[in-house]
Amino acid sequence: MATQSVSRNDIKGRIATATIVPVTERKLKTRASFGDSIKHTLTMAYRSLLLIKRTPQQLFDVMIQPVIFTLLFTFLFGGAVSGSWQNYLPIIIPGILVQTLVSACMATGVQIREDMDKGVFNRFKSLPIARIAPLTGALLTDTLRYGIATALTFLMGYLLGYHWATLGGAVLGAMLIILAAWCISWIFAFLGTIARSATTVQGASTLVLFPLVFLSGAFVPTSTLPDWLQAFVNINPLTYVVSAISELFNQGIIGNDFWFSLIGSLVVVLIFAPLTLAAYLRKVE
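Using numbering that gives the first Met the number 0, you'd call the opening residue of the sequence shown number 0 and step up by one each time.
Written as structure tokens, this is what we have:
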């Protein structure tokens with residue numbers, strides 16, 4: 000009892016001698032620094048990884064789609080397009096890779112919209128973290144999904160007998176498509192921040208996704224298409240990504256399409272990252 004009495008006296012003494020600074024004179028930190036934003040982004044990315052660990056169903060699309068679509072397209076269209084399914088592999092493997100990763104980007108916008116609808120972002124708003132961290136953390140974690148889809152597509156192609164020209168070309172091609180997917184995910188993240196529901200995001204994304212992927216030379220040589228359709232294919236940005244990856248995988252060379260793909264990806268980020276951030280901050284402020 001004596002010890003407890005002394006402790007209380009000490010506490011009272013400290014309170015009595017403490018200097019209370021008025022709220023108006025306190026120098027509180029109202030904005031996160033760049034370093035803090037990086038740390039908060041990594042923390043949010045770790046949160047997303049924990050969500051994936053507890054709900055591995057989130058990986059079903061990037062784990063199942065490369066397997067099913069590679070087998071389906073190879074044996075269904077291989078003979079008609081290239082004479083045999085073996086000759087079709089150099090065309091379809093880069094195409095499946097692009098299709099899978101762009102489809103995975105669509106899930107980014109849907110997930111962001113669902114988090115907003117469930118009030119998850121409102122909870123983040125009450126925390127002393129960088130406002131942008133929940134958004135950038137989710138986008139950073141998605142690169143893991145892209146990596147899994149890329150590895151599985153390579154594995155399926157290898158099991159079917161596909162071999163890349165050089166290991167360096169294959170690695171560089173994989174890095175290019177993952178980077179391009181991350182840049183394209185900003186488009187779907189923007190849709191996720193402005194749409195009214197996750198269903199709207201999914202519907203709008205599908206309308207954008209299918210014409211871009213199927214009219215990019217990912218599944219058939221563009222020379223077999225009608226002239227009026229080739230005009231659209233030639234301005235489709237995914238066409239340059241598909242061509243760049245095909246050159247890296249099948250020939251091990253860096254062509255002009257590689258640089259066009261990099262520039263186009265950066266342009267997408269420069270346009271949609273500010274739009275997404277502005278829409279997102281309006282939602283959380």
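Beta carbons: idealized from backbone N, C-alpha and C, even for Gly.
From a predicted model like this one, the values you see are computed outputs, not experimental measurements.
Nonlocal neighbours in the same chain, by C-beta distance under 6 Å from residue i, ignoring five residues either side
{"i": "Ala132", "result": "His39, Thr40 and Met43"}
{"i": "Gln110", "result": "none"}
CB contact flag (residue i, residue j, <8 Å)
{"i": "Ser81", "j": "Ile90", "result": "yes"}
{"i": "Val66", "j": "Leu151", "result": "yes"}
{"i": "Tyr279", "j": "Leu134", "result": "yes"}
{"i": "Ala179", "j": "Ser47", "result": "no"}
{"i": "Thr275", "j": "Trp185", "result": "yes"}
{"i": "Phe218", "j": "Phe76", "result": "yes"}
{"i": "Leu71", "j": "Ala148", "result": "no"}
Same chain only: Cβ atoms within 7 Å of residue i, ignoring 5 sequence neighbours per side
{"i": "Met0", "result": "At Met0 the pLDDT is 44, less than 50, meaning the model places this residue with poor confidence; the figure from the coordinates comes in the next sentence. Same-chain partners within the cutoff: there are none."}
{"i": "Gly108", "result": "Phe187, Ala188, Leu190, Gly191, Val200 and Ser204"}
{"i": "Pro273", "result": "none"}
{"i": "Asp35", "result": "Ala129"}
{"i": "Gly160", "result": "Gln85 and Leu88"}
{"i": "Gln229", "result": "Thr221"}
Assigned exposure category for residue i - 16 Cβ within 10 Å defines buried
{"i": "Phe74", "result": "exposed"}
{"i": "Phe271", "result": "buried"}
{"i": "Gly191", "result": "buried"}
{"i": "Val266", "result": "exposed"}
{"i": "Val119", "result": "exposed"}
{"i": "Ala277", "result": "exposed"}
{"i": "Thr2", "result": "With a pLDDT of only 46 at Thr2, under 50, the local geometry of the prediction cannot be trusted, and no value is derived from it."}
{"i": "Arg112", "result": "buried"}
8 Å CB neighbourhood of residue i in its chain, flanking five on each side removed
{"i": "Phe248", "result": "Pro89, Ile92, Pro93, Trp163, Ala164, Gly168, Ala169 and Gly172"}
{"i": "Arg53", "result": "none"}
Quick one: any contact between the region 116 to 131 and the region 52 to 63, if contact means 3 or more CB pairs under 8 Å? no
Touch test, the region 135 to 145 against the region 240 to 252, Cβ-Cβ under 8 Å, three pairs minimum: no
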